[in-house]
Amino acid sequence: MTHHSLTFAFICMLAACAHGQTTLSGKISDATTGAELAGALIITPDDTTTSNTQGQFEITVKTLPTTLTVTYLGYETYHTSTTDKKLYIPLQPTSLTLNEIMVISGTNPKQLNHTPASVRIISLQMLRRDDPFTITNAMNRTPGVMVHTGTSTTNRITLRGIGSRTPYGTSKVKAYYENIPLTDGSGNSTLEDIDQQLIGRMTITKGPASSTYGAGLGGVIRLDAPTPAPYSTNLTSSYTLGAFGTSRTLLSAQHHQQDFDITATYSDLQSDGFRQNNQLDKKQFGMTARWRKSDRTSFSFLGVFTRLKAFIPSSINEGDFQNAPRKAAFTWASAKGYEAYDKGLFGLTWHQNLPQKWKLENSIFGSFRDAYEPRPFNILDESTQSIGNRTTATRKTDNLSLTIGTELFHDHYQWKTYANEYSENTNGSVQGDQLSDFDEKRQYANLFVEMDWKLSNLLTLTAGSNLNYTYYQLADNLPNEEDLSGTYDFGVVLSPKLGMLYQINEPVTLFANVSHGFSPPTLEETLLPDGAINPEIAPETGWNFETGTRISTPHFQLDAAAYFMPIRNLLVAQRTAEDAYVGVNAGVNHHWGLDLSTNYHWQAGPNYTVNTFLNTSLMRYTFREFEHQDTDYSGNQLTGSPEIIVNPGIELISASGVYGNLNGRYVGAMPITDANDLYTDSYWVSNLKIGYKHSWKALTVDVHGGINNLTDTHYAGMVLINAQGFGGRAPRYYYPANPRNLYAGLRVNWKILGN
1 MTHHSLTFAF ICMLAACAHG QTTLSGKISD ATTGAELAGA LIITPDDTTT SNTQGQFEIT
61 VKTLPTTLTV TYLGYETYHT STTDKKLYIP LQPTSLTLNE IMVISGTNPK QLNHTPASVR
121 IISLQMLRRD DPFTITNAMN RTPGVMVHTG TSTTNRITLR GIGSRTPYGT SKVKAYYENI
181 PLTDGSGNST LEDIDQQLIG RMTITKGPAS STYGAGLGGV IRLDAPTPAP YSTNLTSSYT
241 LGAFGTSRTL LSAQHHQQDF DITATYSDLQ SDGFRQNNQL DKKQFGMTAR WRKSDRTSFS
301 FLGVFTRLKA FIPSSINEGD FQNAPRKAAF TWASAKGYEA YDKGLFGLTW HQNLPQKWKL
361 ENSIFGSFRD AYEPRPFNIL DESTQSIGNR TTATRKTDNL SLTIGTELFH DHYQWKTYAN
421 EYSENTNGSV QGDQLSDFDE KRQYANLFVE MDWKLSNLLT LTAGSNLNYT YYQLADNLPN
481 EEDLSGTYDF GVVLSPKLGM LYQINEPVTL FANVSHGFSP PTLEETLLPD GAINPEIAPE
541 TGWNFETGTR ISTPHFQLDA AAYFMPIRNL LVAQRTAEDA YVGVNAGVNH HWGLDLSTNY
601 HWQAGPNYTV NTFLNTSLMR YTFREFEHQD TDYSGNQLTG SPEIIVNPGI ELISASGVYG
661 NLNGRYVGAM PITDANDLYT DSYWVSNLKI GYKHSWKALT VDVHGGINNL TDTHYAGMVL
721 INAQGFGGRA PRYYYPANPR NLYAGLRVNW KILGN
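Mapping of the sequence shown onto the UniProt record's numbering: residues 1 to 755, in sequence order.
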């Protein structure tokens, strides 16, 4: 009897214990890319477990609510108190161990340390080392990247020298906001439109190593939207005041729950500018949202609307650059030249897990731009509408991942020019007679495939290919004696790639890759000065041969790559009049270079971390074969590119709320003319930012300030390659950079819901 009583009591006790326990389940992922994080450590007061290869976990706790901590190398530790039985936890990366972060550069998200290509991450913390007015400083700290800045809206981004000769913008570099192209049908990319608050991360792939993003000769820049803090609702407001009448007002709301998150942001940027005729008025609203319908199906949406009016001081001659850098070009000041536009971008993506380990992503996207630009030589009235689709299907097993996909893009660009009848008595531009009326239809189709094959625990091979067809159609709608209508295409271009990654030991990997890339000329580069299509123009093509290494230890990170790029048919813009350029293929270029990035951090006390970083670019870009207008430039240095850039910096991170960083940038001299008879001066510029952040219950206040160009260096932020003087005037090569300038800001975050 006693034996049966004890047995019954033991069974009852087990039942009571089982009844009192609760199983939590969930998924751990990268907050930006959505990549599953395998091996994340999940800790509760009752148990500890790790996530599986799909980022999923189960853990048993005695009671709810319970505390839960998630850690993963390369990401910020996450703490919460929860009553939910099912959790979706996105982790934010840290800026200290970038090689461990999951990146999107090819088929599937993978650790940067396991990517056989030159890929650089700019995290949210790295973006916020600077003022919030621009993203150019963060990009300029990236080896192999140079952002030439003429004004807030005149920038030229170059990757390893590609695009250095584009006169007033960025071309030959593909850009995306998540899966939505920021590159128009003519190959021009505009990243400066996107406010810093709408960017959670930037991923820069240098060279044509990404088959899935078009095999652009320069590379790919991908912006990813920020993700709200897990299981919280936040309101954020900030105000930043800077020199030259600059101010930025920001309002943002973020919400995250189990199956849905949304971020809405409004920003207002105003500036009088350092120079004459340099005022800026930019307002932007952006929204991103994700709906996780089930474990297999989710949808994401993004939309951005921008309204901008920016006056244009343009470039100035050397005398004014040295003695009166605030001046605007005389004709631009007299005409009060500016650009004004309304611009919208939207995209909707469907994410679906299919049987047999397949994943499908399908994005539809569109954009519009309605612009008006009075210039001294004419007034440009233009509008663009675009639409497209991007579809990828990916299958991933333990040793093999395969992606196939397509990207289709079409835009319709309509532009008219009018005489500008400004004078000293008109107080700016006056629209006159119509001069031209054109319709351009520009479209491309990409078909791509990419594969990662893990041959062993140490060796991985990557292979891929991109097939591109680009087509332009021009219609001349203005009746006159000569009809300039026509069509142009470059045939089908095949761009293969092959890469290899070998892990020597736990902290050290080696990689190598060979890839082909191309950059079609913009439609403007295909036109002769009279507007007729030039049938002789050809796309730039080239091969990238690269090898590199990465070292990752708990406190030290190194990323180094050496490359050689022989490029044929380099496209150069030769100026033929104040408002006219003609595209010319410049024979053969050789681009040799070395990119080096290091950072080392250590604990300077229980609450303080010091992070030091050094980024270096060594470049030797030359015209191998280039003859133009009976002049041989072979052997000369490529215009618009220096031979050395060095970016050192030191950063303080603390749990006490104090933070700051000091960083510098040395840029070597660069030629401005093909003849190499005129160079810019080398220069050193440094920036400082300090701040203090403190939380009171649900309220967090961040007070900060900084100094840009701490040494008050006089230098050219951007140069106009091969500028010519007309009407007896000196050539206008130079866009003066801002002198020393200060800013201060206040950022307040109110956590309405959440732990």
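We put the CB at the ideal spot given by N, CA and C, even for glycine.
* To do: Just tell me which of Asn99, Asp281 and Ser29 has its CA closest to the CA of Thr153.
  => Taking only the C-alpha atoms, the option nearest Thr153 is Asp281.
* Asked: Nearest CA to the CA of Ala209: which residue from Phe518, Ser186 and Gly668?
  -> Phe518
* To do: Compute the beta-carbon to beta-carbon distance between Tyr413 and Gln431, rounded to the nearest angstrom, for a pair I have assumed lies under 8 Å.
  => Actually they are not in contact, since the Cβ atoms of Tyr413 and Gln431 sit about 20 Å apart, beyond 8 Å.
* Leaving out five residues on either side along the sequence, give the residues of the same chain with a beta carbon under 6 Å from the beta carbon of Thr32. => Gly200, Arg201 and Asp224
* **Nearest residue (CA-CA) to Val61, options Ser25, Thr94 and Gln54** => Ser25
* How big is the Cα-Cα spacing for Glu440 and Leu217? -> 24 Å
* Asked: For Arg390, which residues of its own chain have a beta-carbon under 6 Å away from its beta-carbon, when the five flanking residues on both sides are left out?
  -> Answer for Arg390: Asn179, Ser363 and Glu407, listed in chain order.
* Asked: Which residues in the same chain have their Cβ closer than 7 Å to the Cβ of Asp411, if we skip the five residues on either side of it in sequence?
  -> Asp184, Gly185, Thr384, Gln385, Ser386 and Arg442
* To do: Determine the closest residue to Ser515 out of Pro496, Glu506, Leu527 and Glu524, with distance taken between C-alpha atoms.
  => Pro496
* Asked: What are the start and end residues of the alpha helix (DSSP H) that includes Ala723?
  -> Per DSSP, Ala723 belongs to no alpha helix (DSSP H) and is neither H nor E.
* Put Met670 into one of helix, strand or coil per three-state DSSP. => coil
* Asked: What are the start and end residues of each continuous beta strand (DSSP E) run of 3 or more residues lying completely inside the segment 620-649, in chain order?
  -> none
* Asked: What are the uninterrupted segments assigned as alpha helix (DSSP H) that are 4 or more residues long and contained completely in the segment 96-182, given in chain order?
  -> Whole alpha helix (DSSP H) segments, 4+ residues: 124-127 and 136-140.
* Would you identify the three-state DSSP class for Glu192, choosing helix, strand or coil? => coil
* **Cut-off 6 Å between Cβ atoms - residues of its own chain near Asp268, not counting five sequence neighbours on either side** => Thr249 and Lys283
* Exposed or buried, Ile752, counting other C-beta atoms within 10 Å across all chains shown (16 or more means buried)? -> exposed
* Asked: Taking C-beta to C-beta, are Leu127 and Gln56 nearer than 8 Å?
  -> no
* To do: If I'm right that Ala604 touches Ser315 with Cβ under 8 Å, what's the distance once you round it to whole angstroms?
  => Actually they are not in contact, since the Cβ atoms of Ala604 and Ser315 sit about 46 Å apart, beyond 8 Å.
* **Alpha-carbon to alpha-carbon, Thr94 and Thr22** => 32 Å
* To do: Can you have a look at Asp259 and say buried or exposed, based on whether 16 or more other CB atoms are within 10 angstroms of its CB?
  => exposed
* To do: Pick out whichever of Arg375, Leu348 and Pro355 has its Cα sitting closest to the Cα of Gly366.
  => When each option's Cα is compared against that of Gly366, the closest is Leu348.
* Asked: CA-CA distance, residue 756 and Thr547?
  -> This structure leaves residue 756 out entirely; the chain is present only between 1 and 755.
* Cys17 burial status per 10 Å Cβ neighbour count (16 or more: buried) -> Because Cys17 carries a pLDDT of 48, less than 50, the predicted location of this residue cannot be relied on, and no value is offered for it.
* Buried or exposed for Ile504, please, with buried defined as at least 16 other CB atoms from any protein chain shown within 10 angstroms of its CB. => exposed
* **Terminal residues of the alpha helix (DSSP H) in which Ser186 lies** => Ser186 -> no alpha helix (DSSP H), and no H or E assigned at all.
* To do: Check whether the Cβ atoms of Arg129 and Glu651 sit closer than 8 Å, and answer yes or no.
  => yes
* Asked: Is the segment 306-323 touching the segment 334-354 in the sense that three or more CB pairs, one from each, lie closer than 8 Å?
  -> Yes: the two stretches touch, three or more of their Cβ pairs being nearer than 8 Å.
* Beta carbon of Arg326, beta carbon of Phe274: below 8 Å? -> Cβ atoms of Arg326 and Phe274: closer than 8 Å.
* CA-to-CA distance, Tyr692 to Gln257, given in whole angstroms -> 29 Å
* Asked: With a Cβ-Cβ cutoff of 8 Å, do Thr306 and Asp193 count as a contact?
  -> yes
* Cβ atoms of Arg620 and Asn317: under 8 Å apart, would you say? -> Result no, Cβ atoms of Asn317 and Arg620 do not sit closer than 8 Å.
* Any idea which residues DSSP pairs Gly464 with across the strands? -> Glu450 and Lys497
* Please look up how many angstroms separate the CB atoms of Thr470 and Phe490, rounded, as I've assumed it's under 8 Å. => 6 Å
* To do: Following the continuous beta strand (DSSP E) through Glu546, name the residue where it begins and the one where it ends.
  => Glu540 to Ser552
* Roughly how many whole angstroms lie between the Cα atoms of Ala40 and Gln92? -> 13 Å
* Starting from Thr297, follow the beta strand (DSSP E) in both directions and report where the run begins and ends. => Thr297 to Phe311
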